[in-house]
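*Asks:* Here it is: the structure, laid out below.
In the working numbering, the protein residues as written are 415 to 506.
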């Protein structure tokens with residue numbers, strides 16, 4: 415299964431890393447590695463995340479929790495699309 419990132423999710427990663435790096439560059443690197451590892455698990459276990467109940471098509475859009483971060487993704491036939499990534503205290 416292939417993993418693709420939306421432009422919004424790439425911006426989310428850059429934003430999160432920059433925010434954390436201003437206070438603790440090592441933590442920013444650690445969080446980036448954790449997020450990548452969590453997302454890579456979706457290749458083998460695409461249904462690992464929790465269904466997004468308010469989505470138009472429940473069961474296809476899911477949220478993966480990685481530490482204090484939520485990764486929202488869309489499952490397609492041969493691809494997982496990472497839609498957004500945010501810290502659980504953010505309000506997107």
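Every residue, glycine too, gets a C-beta built ideally from N, C-alpha and C. Quick caveat, the model's predicted, so the values are computed rather than measured.
Which residues does DSSP pair with residue 501 in a beta bridge?
*Replies:* Note: residue 501 sits in a beta bridge opposite 483.
*Asks:* Do residue 479 and residue 489 count as a contact pair if the criterion is CB distance below 8 Å?
*Replies:* Going by C-beta atoms, residue 489 is not nearer than 8 Å to residue 479.
*Asks:* What are the start and end residues of the alpha helix (DSSP H) that includes residue 467?
*Replies:* Unbroken run through residue 467: none, as it is neither H nor E.
*Asks:* Just to confirm the assignment, what range does the beta strand (DSSP E) spanning residue 417 have?
*Replies:* Looking at the DSSP string, the run of the beta strand (DSSP E) that includes residue 417 is 416–419.
*Asks:* Hey, quick one: how far does the alpha helix (DSSP H) through residue 451 stretch, first residue to last?
*Replies:* Start and end: 439–455.
*Asks:* Out of 496, 439, 500, which one is the CA nearest neighbour of residue 396?
*Replies:* Limits of the chain in this structure are 415 at one end and 506 at the other, which puts residue 396 out of reach.
*Asks:* Cα separation between residue 465 and residue 494?
*Replies:* Spanning the two alpha carbons is a distance of roughly 14 Å.
*Asks:* Taking Cβ positions, are residue 441 and residue 434 nearer each other than 8 Å?
*Replies:* Yes; because the gap between Cβ atoms is below 8 Å, this pair is in contact.
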